[in-house]
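Participant: The structure follows.
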Amino acid sequence: MIGYLTMLENEFNFTEQINLKATLDGGQAFRWHYDGGGYRGTVGSQVLWVYEDEKNTTVSYINNSKSQIDRRLVSKYLDLEFDLEIFSNKYSKDKYINSKIKQCSGLRILKQDPWETTVSFITSSASNVEKIKKNINDLCIFAGERLGDGRYDFQFPSAEQILDLGEEELRKMGFGFRSPYIIDAARRMSIGKLNFRFIEDADYEDSINHLMEIKGVGKKVADCILTYGFGRRDSFPVDRWVRRGLVGPMGFNSKKTNEQLSDMARTKYGLDSAYVQHYIFYGEKTKKKNLEYI
DNA sequence: ACTCAGGGTCGAC
DNA sequence: GTCGACCCTGAG
1 MIGYLTMLEN EFNFTEQINL KATLDGGQAF RWHYDGGGYR GTVGSQVLWV YEDEKNTTVS
61 YINNSKSQID RRLVSKYLDL EFDLEIFSNK YSKDKYINSK IKQCSGLRIL KQDPWETTVS
121 FITSSASNVE KIKKNINDLC IFAGERLGDG RYDFQFPSAE QILDLGEEEL RKMGFGFRSP
181 YIIDAARRMS IGKLNFRFIE DADYEDSINH LMEIKGVGKK VADCILTYGF GRRDSFPVDR
241 WVRRGLVGPM GFNSKKTNEQ LSDMARTKYG LDSAYVQHYI FYGEKTKKKN LEYI
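Residues 1 to 294 (my numbering) make up the first sequence, in order.
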């Protein structure tokens with residue numbers, strides 16, 4: 001993969017703290033690939049290459065067809081306006097949360113495309129990150145528009161493109177029992193029954209219920225879609241990893257269901273819910289076995 | 001070769 | 001509210 005060097009005028013850098021590996025390839029997004037010292041992926045119809053050195057982080061546009069770099073879009077995507085220092089200070093006295101923030105400092109929550117996020121987290125159920133990545137990237141390669149000359153330079157397919165593919169093709173690609181769920185989401189999307197504008201303006205309950213009308217979307221997946229696709233901060237997805245942190249070191253009642261735990265955590269953490277949850281998720285997932293948190 | 005579980009959810013009881 | 005089924009894949 002050489003050839004970036006001719007494009008280097010199409011780039012910008014920033015100094016906000018960010019942990020690229022944890023943020024781009026830590027289980028919230030599935031289409032960033034480590035390549036040549038940085039991460040290559042797409043945002044919308046742009047192919048990006050992101051890398052860091054001692055001083056700052058650089059975002060480079062590989063296939064920039066426009067003359068202007070849309071810095072604001074990338075900033076929003078990476079959630080650079082979120083003040084990690086304030087967040088960190090706020091929980092400095094909470095032994096467990098503080099240890100998780102220290103464990104993976106620079107971890108941010110991405111603001112991804114809602115449609116891609118919806119399909120990705122339907123795909124995630126009873127799966128694992130490696131398989132989700134394989135499924136989602138195969139789908140993009142097979143049904144999405146090519147954006148660049150890289151192995152993974154594809155735009156995420158539209159609802160119509162996925163409908164054209166059909167359930168059987170999804171099964172052949174390895175989506176398994178999730179295939180009809182993805183078709184249901186695509187059908188709702190294409191007829192306007194799945195309405196992202198509504199979700200953007202609705203309160204938490206209404207947003208969750210709207211998403212849960214999709215087959216294969218339960219409370220947990222709906223929470224993930226709101227967190228990683230809509231930038232909501234009052235959502236608290238509870239999966240097996242987060243549950244482990246909540247009922248273990250954080251002392252929540254282990255008899256509660258994940259849904260109950262989510263409600264309790266939302267009440268407790270309010271608008272910090274999404275970030276607290278994500279630090280628990282990533283921290284628990286990457287924790288070395290047989291190593292206590294302190 | 002065989003079992004098991006991985007960012008859950010659905011439908012029947 | 002509980003429980004098995006659901007597809008596939010890599011690890012033990």
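In this text, a Cβ means the ideal position worked out from N, Cα and C, and glycines have one as well. As the structure is a prediction and not an experimental result, all values here were calculated from the model.
What does a CB cutoff of less than 6 Å around W32 pick up in its chain, not counting 5 residues either side in sequence?
Facilitator: By 1-based counting over the first sequence, the position of residue 32 is 32. Result list for W32: L24, D25, Y39 and G41, in chain order.
Participant: Within the continuous beta strand (DSSP E) that includes R40, where are the two ends?
Facilitator: Along the first sequence, one-based indexing puts residue 40 at 40. That run of the beta strand (DSSP E) goes G38 to V43.
Participant: Threshold first: 4 residues or longer. Then list the alpha helix (DSSP H) segments lying entirely within the segment 133–197, N to C.
Facilitator: 159–165, 167–172 and 179–190
Participant: Assuming S262 and D223 make a contact with CB atoms under 8 Å, what is their CB distance in whole Å?
Facilitator: Walking along the first sequence from the start, residue 262 turns up at place 262. Walking along the first sequence from the start, residue 223 turns up at place 223. Contact between S262 and D223 holds: their C-beta atoms lie close to 7 Å from each other, under 8 Å.
Participant: Should K111 and D79 be called a contact, given that it needs their Cβ atoms to be closer than 9 Å?
Facilitator: Residue mapping note: residue 111 aligns to position 111 of the first sequence, counting from 1. Residue mapping note: residue 79 aligns to position 79 of the first sequence, counting from 1. Contact: yes.
Participant: Can you tell me where the beta strand (DSSP E) with E52 in it begins and where it stops?
Facilitator: If you number the first sequence from 1, residue 52 lands on position 52. From DSSP, the beta strand (DSSP E) with E52 extends over Q46 to E52.
Participant: Under a three-way DSSP split, which group does E81 fall into?
Facilitator: Residue 81 sits at position 81 when you count from the first residue of the first sequence. The answer is coil: DSSP assigns E81 none of H, G, I, E or B.
Participant: Sorted by chain position, which residues of the same chain lie with C-beta nearer than 6 Å to T6's C-beta, five sequence neighbours on each side aside?
Facilitator: Position 6 of the first sequence holds residue 6. Low confidence applies to T6: its pLDDT is 47, below 50, so where it sits in the model is not reliable, and the reading given next is rough at best. No residues qualify anywhere along the chain.
Participant: Consult DSSP for D223 and reduce its assignment to one of helix, strand or coil.
Facilitator: Within the first sequence, residue 223 is the residue found at index 223, counting from 1. If DSSP states are grouped into helix, strand and coil, D223 belongs with the helices.
Participant: CA-CA distance, A265 and S273?
Facilitator: The residue you call residue 265 lines up with position 265 of the first sequence. The residue you call residue 273 lines up with position 273 of the first sequence. Approximately 7 Å, taken between the alpha carbons.
Participant: If you draw a straight line from the C-alpha of I162 to the C-alpha of I86, how long is it?
Facilitator: The count along the first sequence starts at 1 and reaches residue 162 at position 162. The count along the first sequence starts at 1 and reaches residue 86 at position 86. Annotation: I162 to I86 spans about 42 Å, alpha carbon to alpha carbon.
Participant: Tell me whether D149 is buried or exposed, calling it buried when 16 or more other Cβ atoms sit within 10 Å of its Cβ.
Facilitator: Here residue 149 refers to the residue found at position 149 of the first sequence. Classification of D149: exposed, given that the 10 Å Cβ count is below 16.
Participant: By Cβ distance, which residues of its chain are closer than 8 Å to R232, with the 5 residues on each side in sequence left out?
Facilitator: In the first sequence, residue 232 corresponds to position 232, counting from 1. Same-chain partners within the cutoff: Y204, S207, L226 and A274.
Participant: Do Q277 and V242 have their beta-carbon atoms positioned less than 9 Å apart in this structure?
Facilitator: Translated into positions along the first sequence, residue 242 becomes position 242. Translated into positions along the first sequence, residue 277 becomes position 277. It is a contact, given that the beta carbons lie within the stated cut-off.
Participant: Please work out which residues of its chain come closer than 6 Å, Cβ to Cβ, to S180, disregarding the five sequence neighbours upstream and downstream, and give them in chain order.
Facilitator: To locate residue 180, count along the first sequence from 1; it is residue 180. First, the amino acid is wrong: residue 180 is Pro here, not Ser. Excluding sequence neighbours, P180 sits near E167.
Participant: Would you decide whether K93 is buried or exposed? Buried here means 16 or more other CB atoms lie within 10 Å of its CB.
Facilitator: On the first sequence, position 93 is the one that residue 93 refers to. It counts as exposed.
Participant: Pick out the complete alpha helix (DSSP H) segments inside the segment 204–254, 4 residues or longer, and give them in chain order.
Facilitator: 204–211, 219–229 and 240–247
Participant: May I ask you to report which of helix, strand or coil DSSP gives T58?
Facilitator: Here residue 58 is taken as the residue at index 58 of the first sequence, counted from 1. T58 falls in the strand class under three-state DSSP.
Participant: If distances are taken between C-alpha atoms only, which option among K76, I97 and N89 comes closest to F354?
Facilitator: Residue 354 is absent from the model: the chain starts at 1 and stops at 294.
Participant: Output the distance between the C-alpha atoms of L147 and E11, rounded to the nearest integer angstrom.
Facilitator: For this step, residue 147 is matched to residue 147 along the first sequence. For this step, residue 11 is matched to residue 11 along the first sequence. So the two alpha carbons sit approximately 17 Å from each other.
Participant: Find out if the Cβ-Cβ distance for the pair G27, V129 is shorter than 9 Å.
Facilitator: Counting from one through the first sequence, the residue named residue 27 turns up at place 27. Counting from one through the first sequence, the residue named residue 129 turns up at place 129. Yes, Cβ-Cβ distance for G27 and V129 is below 9 Å.
Participant: If D113 and F156 are in contact, beta carbons under 8 Å, what's the gap, nearest whole angstrom?
Facilitator: Your numbering for residue 113 matches position 113 in the first sequence. Your numbering for residue 156 matches position 156 in the first sequence. Confirmed, about 6 Å.
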